[in-house]
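Participant:
2 protein chains.
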Amino acid sequence: MENLRVTVDIVIFTVTNGSIQVLLVKRGVPPFEGQYAIPGGFIREDESLENVALRELYEETGVRNVFLEQLYTFGDPKRDPRGRVITVAYYALIASDKYSLVAGADAAEAHWYAANDLPPLAFDHRSIFDYALERLRNKLEYTTVGFQLLPEKFSLGELQAVYEAILGRRLDKRNFRRKLALLGILKPLREWQRTGHKPAQLFRFAARHGNQEVDFDP
Amino acid sequence: MENLRVTVDIVIFTVTNGSIQVLLVKRGVPPFEGQYAIPGGFIREDESLENVALRELYEETGVRNVFLEQLYTFGDPKRDPRGRVITVAYYALIASDKYSLVAGADAAEAHWYAANDLPPLAFDHRSIFDYALERLRNKLEYTTVGFQLLPEKFSLGELQAVYEAILGRRLDKRNFRRKLALLGILKPLREWQRTGHKPAQLFRFAARHGNQEVDFDP
DNA sequence: CCAAAAGTGTTAGGAGTACACCCATGG
DNA sequence: CCATGGGTGTACTCCTAACACTTTTGG
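Protein chains in written order, with the numbering used here: chain A, 1 to 218; chain B, 219 to 436.
(1) Would you call the CB atoms of Leu150 of chain A and Ala37 of chain A closer than 8 Å?
(2) Is there at least one Cβ from chain A nearer than 8 Å to Ala325 of chain B's Cβ?
(3) Tell me whether the stretch 65 to 83 of chain A and the stretch 128 to 139 of chain A touch, counting them as touching only if at least three CB pairs, one residue from each stretch, are closer than 8 Å.
(4) Does the pairing of the stretch 15 to 32 of chain A with the stretch 109 to 120 of chain A give three or more beta-carbon distances under 8 Å?
(5) Beta-carbon within less than 8 Å of Ala325 of chain B's beta-carbon, same chain only, minus the 5 sequence neighbours each way: which residues are those?
(6) According to DSSP, which residues form a beta bridge with His329 of chain B?
(7) Tell me which same chain residues have a C-beta within less than 6 Å of the C-beta of Pro31 of chain A, skipping the five on either side of it?
(8) Chain A partners of Glu274 of chain B, CB-CB under 9 Å?
(9) Under 8 Å, with one C-beta from each stretch per pair, do the stretch 264 to 276 of chain B and the stretch 412 to 423 of chain B reach the 3-pair mark?
(10) Shorter than 8 Å from the beta carbon of Gly75 of chain A to some beta carbon of chain B?
(11) Against chain A, does Val306 of chain B count as a neighbour if the rule is that its beta carbon must be under 8 Å from one of theirs?
(12) Look at Thr234 of chain B and Ile312 of chain B and say whether their C-beta atoms are less than 8 Å apart.
(13) To the nearest angstrom, how far is the alpha carbon of Leu407 of chain B from that of Phe421 of chain B?
(14) Short of 8 Å in beta carbon distance, which residues of its chain neighbour Asp227 of chain A, apart from the five on each side in sequence? Order them along the chain.
(15) Between the alpha carbons of Gly62 of chain A and Glu370 of chain B, how many angstroms are there, rounded?
(16) Leaving aside the five residues before and after Val224 of chain B along the sequence, list all residues of the same chain whose C-beta is less than 6 Å from its C-beta, in chain order.
(17) Quickly, what does DSSP pair Glu376 of chain B with across the bridge? List them, please.
Given below as structure tokens:
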């Protein structure tokens, strides 16, 4: 087929101060000029889809080695007014201490926006975002992706805050901690965090079998 | 990017005689001439991805209105020796009483093969199949997709056989039935199946809210 | 009468949920 | 001394899993 293009778009999540945030760029050209969009780019010859996502991610945030997973492919013929553009959507999780937004990378400024109060998005990016958040919520329940959003050393309170931010509801502290203890994936450190109150013990994530990174990659 | 093409491939499952089967076509042209492959086709202008899948499905099996779900997009630059071909993979479930293979549709014969004894597959189709089966197994546990593989009226024994065929292990009859009763999604009929042994009562699937068809479709 | 599948309850263990108080620190 | 988050145990419910015998039919 002629006139067919393929892009890779990425929903990039982080959690700061108990609030889940998404990286958006302001479009500088039509269509949807001036509106916000999920970062993305066209694929290059001989570049894998995941690589496009990693490249975009690096260009926007300067971050490598993050959790990245393919989400869904959006191919409605009318999703882009310029013509037939299929997008393979990914989502990524980056730890709050790792990113540093790269200014002017794509001639577009990238900024974080609270996921529960997003501005209107270009194209079908709202659908993509909604699906990404849904997927993240589901994955949180039966995998350990949540740890990808934390620094290497963290307190149980910080961990719980990440879960609560993503799920959008409060969790019971005792039940949360018991479940973690049962999973046996936390390594307690001989370090304590001084925060102005009772110091919190720090932990490190210690997965049994390396299933915390890319989930499926044929 | 030039020279980029997008195909839609479909893993089509059915269950017959307690055995899960996949539809394969024998390739008549290089590359991989003479080898087996998952059915698929190039997308047309102004045709949604799902529509391509539905069209292929209809051409191969003469079936419409089946369960169809997008699986994953495979985009490795070397997956097709002819050039850059990205494939959006779908999987479909069709009831054992519905299909009738259409002969010579694509100048290629389509036949069913037992999923646990597939011949070598062309391209990366083995990966696609593996992922489809994994997804189907997972979905079986927390959705009602299994009913898509049965005729409208079925016995509990037939239903259990479908589950066992997909999961690849035996299930406990009493636990299986209790769980179904608890779900409350089966409508018992005043009909019994005569099979040479004690007759089995027939049931009909009666979902509460129509979530048994397409799972996500933005 | 025999082979084959249908049908049917109970018990034990594990996971999830609800719930309240004392502790250690910085200011 | 007080405000703030850290840290801890118990009881109930529900789901899961293990497990065996009787019934009905066709041949």
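All C-beta atoms in this analysis are idealised placements derived from N, C-alpha and C, irrespective of residue type, glycine included.
Facilitator: For this structure:
(1) As a first step, residue 150 of chain A must be located in the first sequence, where it is residue number 150. As a first step, residue 37 of chain A must be located in the first sequence, where it is residue number 37. Cβ distance not < 8 Å, so Leu150 of chain A and Ala37 of chain A don't count as in contact.
(2) Taking the second sequence and counting its residues from 1, one reaches residue 325 of chain B at position 107. With a pLDDT of 49 at Ala325 of chain B, under the threshold of 50, the modelled position of this residue cannot be trusted, and the question is left open.
(3) yes
(4) yes
(5) The count along the second sequence starts at 1 and reaches residue 325 of chain B at position 107. Legend: pLDDT at Ala325 of chain B = 49, less than 50; position of this residue unreliable, no value from coordinates given.
(6) By one-based count along the second sequence, residue 329 of chain B stands at place 111. Per DSSP, B:Leu242.
(7) Translated into the one-based positions of the first sequence, residue 31 of chain A becomes position 31. Within the same chain, Pro31 of chain A has close Cβ partners Pro81.
(8) As a working mapping, residue 274 of chain B is identified with position 56 in the second sequence. Ordered by position in chain A, no residue passes the 9 Å Cβ test against Glu274 of chain B, which lies about 15 Å from the chain.
(9) no
(10) As a first step, residue 75 of chain A must be located in the first sequence, where it is residue number 75. Yes, contact with chain B.
(11) The count along the second sequence starts at 1 and reaches residue 306 of chain B at position 88. By this cut-off, Val306 of chain B is an interface position.
(12) Working through the second sequence from its first residue, we reach residue 234 of chain B at position 16. Working through the second sequence from its first residue, we reach residue 312 of chain B at position 94. Not in contact: Thr234 of chain B and Ile312 of chain B (Cβ atoms no closer than 8 Å).
(13) Stepping through the second sequence from its first residue, residue 407 of chain B is reached at position 189. Stepping through the second sequence from its first residue, residue 421 of chain B is reached at position 203. In a straight line, the C-alpha of Leu407 of chain B is about 5 Å away from that of Phe421 of chain B.
(14) The requested residue 227 of chain A is not part of the displayed model; chain A covers only 1 to 218.
(15) Position 62 of the first sequence, counted from the start, is the residue given in the question as residue 62 of chain A. Position 152 of the second sequence, counted from the start, is the residue given in the question as residue 370 of chain B. Rounded to the nearest angstrom, the two C-alpha atoms are 55 Å apart.
(16) For the purposes of this step, residue 224 of chain B is taken as residue 6 along the second sequence, with counting starting at 1. Cβ within range, chain order: Ile261, Ile304.
(17) Locating residue 376 of chain B in the second sequence gives position 158, where the first residue counts as 1. The partner list for Glu376 of chain B (beta bridge, DSSP) is empty, contrary to what the question assumes.
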